[in-house]
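FYI, in numbering that gives the first Met the number 0 the residues of the sequence shown are 0 to 199.
Take a look at the structure set out below.
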Amino acid sequence: MSPPKGTIITYLHPNYEGVAFEMKVPVRHSNANFEIRSVKVGPETTLCVSEKSGKVVKFKSGDHPEIRIPYESILQGIDVVFEFSIDIRFKHSIASEPADNYDLTIKPLHFDNTVIQSGGDYVGVQIPKLSPPDSLIVSQISVREKPWPHQIVANGSVYFKYNPVNHDISFQITNGLPANISIVKDDIWGFTISLNSINK
């Protein structure tokens, strides 16, 4: 039985046997300790795989009974209407504050907001096909305290850029990046944004 839209099921053995793992779009997963040998991709869904070797493979909707996704690959599930996804996690280093005390809102120009809680895992920011495909993605960012009075403690922008040849995503820092925010590229699609200080 095929999974519903937005769902990907991976298996450790060919022909959908062995341990199964279900993912919901937008999702990011790293198969750190095992190979994936078969996969089912729901309707209107794409599974993107970045292998440790640098090879990028995409699996469209349907059943794939005989495949080999090496261990230490990065798996990314996206809706078929999008071209790629920027995986972002958010953290802070404010002393005595809980790990989940802040929310980062990121809004690529002309696209929807995505809210990312500090201290959590990667969240996918899905981007549709661009024209030209390597256009700069101007993204507004703001950080707000979760407790009342929900003070905004950082506000500005960062640029992302997609390479359609090797599927790599890069970023550019401009004067618009808040002084108390830093960003690090973790891998082909992943970034960590950090809140380093606040002014009260």
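Ideal placement from N, C-alpha and C gives every residue a C-beta, glycine not left out.
This one's a predicted model, so the numbers in the text were calculated from it and none came from an experiment.
**Request:** Give a yes or no on whether the C-beta atoms belonging to Y158 and I168 are separated by under 7 Å.
**Result:** no
**Message:** Once DSSP output is grouped into helix, strand and coil, what is the label at Y15?
**Reply:** Correct three-state label for Y15: helix.
**Message:** So within the stretch 89 to 168, which uninterrupted beta strand (DSSP E) runs reach at least 3 residues, ignoring any that extend past its ends?
**Reply:** 101 to 107, 113 to 116, 122 to 126, 135 to 144, 151 to 161
**Prompt:** Under a Cβ-count criterion, where at least 16 other Cβ atoms within 10 Å of its own Cβ denotes burial, should W147 be classed as buried or exposed?
**Reply:** exposed
**Asked** What distance in whole Å lies between the Cβ atoms of V114 and I87, which are believed to be in contact at a cut-off of 8 Å?
**Response** 11 Å between Cβ atoms; not a contact.
**Message:** I'd like to check one pair, S117 with N195: are the Cβ atoms closer than 7 Å?
**Reply:** Taking 7 Å as the Cβ cut-off, N195 and S117 do not qualify as a contacting pair.
**Message:** Using only the alpha-carbon positions, how far apart do H28 and R67 sit?
**Reply:** If you take the alpha carbons of H28 and R67, they lie about 16 Å apart.
**Item:** Helix, strand or coil at L176 [DSSP, three-state]
**Value:** coil
**Asked** Do N30 and S72 have their CB atoms nearer than 7 Å?
**Response** yes
**Request:** Inspect the CB distances between the stretch 135 to 145 and the stretch 51 to 64 and report whether three or more fall short of 8 Å.
**Result:** no
**Prompt:** Could you give the distance in angstroms between the alpha-carbon of V183 and the alpha-carbon of F190?
**Reply:** Their backbone Cα atoms lie some 6 Å apart in a straight line.
**Request:** Closer than 6 Å by C-beta to A19: which residues in its own chain qualify, once you throw out the five before and the five after it? Chain order, please.
**Result:** I8, Y10
**Integer-rounded CB distance, given that P42 should sit under 8 Å from K4** = Contact annotation, K4 with P42: C-beta distance approximately 5 Å; criterion of less than 8 Å satisfied.
**Message:** Measuring straight from C-alpha to C-alpha, what distance separates V80 and S95?
**Reply:** 42 Å
**Request:** Could you pull the start and end residues of the beta strand (DSSP E) that K39 belongs to?
**Result:** 37 to 40
**Request:** Just the C-alpha distance for I136 and L108, rounded to the nearest angstrom, thanks.
**Result:** 7 Å
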